[in-house]
Amino acid sequence: MKYNWRRWFRAFHRDIGYATVALVLAYSLSGLAVNHIEDWNPNYRMGEHAIAIGPLSGTLVEMEAQVIDRLAIDRRHVRGHFQETERQLRVFLDEGQEVLVDTVTGEGIRKTLSTRAVFFEVNALHLNNLKGIWTLVADVFAIALIVLAITGMTMMKGDRGFWGRGKYFVAGGLAIPVSAIVYMYWP
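Those letters in the sequence shown? Residues 94 to 280, by my numbering.
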């Protein structure tokens, strides 16, 4: 009896493909986002909101306390303050957030930072920010991708297999990273 390894490769390819669909989509979405990091921050969204908290009075420390109280800011997130002009007070918060307020009118701007739904989470997975068990999951996923590549490349035979038209597609796919490496390191 002849051993039909192509049948097994098709079965492995199909089942591993099903099992990795969610991770392929997550890593692909994250990859697209991170590729364009010069154009936007895929993890965070900066927002500016107009505020009106009423006039401030007293020392700089007292005015900072009034801003914190009137905006219900958790004091643990306050990093300091700075009086830019005679009328402008800036209160610094965690992660680049801040409040800029006119001390006479109490009007100003609050700059906030919020995570982008989905992108923040998939980027954390892709960049392995979780460490620990996620490193094992990422390694198993990488091995699964290698198995998918090998089984996908070799499971067909004849003119539609690797030794038919497949070798041209593999060569074309290989030419892309090789060309990029040559371009990067060629004198």
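Each residue gets a CB set at the ideal place from its N, CA and C atoms; glycine is no exception.
{"Asked": "Exposure of T178, with buried meaning 16 or more beta-carbon neighbours within 10 Å", "Found": "exposed"}
{"Asked": "Chain-order list of residues whose beta-carbon lies under 7 Å from that of R180 (same chain, five-residue window excluded)", "Found": "D195, T196 and V197"}
{"Asked": "When A143, H174, G245 and F212 are compared against R103, the one with the closest alpha-carbon", "Found": "G245"}
{"Asked": "Exposure of H106, with buried meaning 16 or more beta-carbon neighbours within 10 Å", "Found": "buried"}
{"Asked": "Residue interval of the beta strand (DSSP E) (run including V194)", "Found": "E191 to D195"}
{"Asked": "Other residues of its chain near F185: CB distance less than 6 Å, five sequence neighbours each side excluded", "Found": "R172, G173 and E191"}
{"Asked": "G85 - containing alpha helix (DSSP H), residue span", "Found": "What is shown of the chain runs 94 to 280, which leaves residue 85 out entirely."}
{"Asked": "Secondary structure, beta strand (DSSP E): runs of 3+ residues fully inside the stretch 201-274", "Found": "none"}
{"Asked": "Check whether A145 and F212 have beta carbons under 7 Å apart", "Found": "no"}
{"Asked": "Nearest candidate by alpha-carbon position, reference V215, set L118, T113, D108 and Y276", "Found": "L118"}
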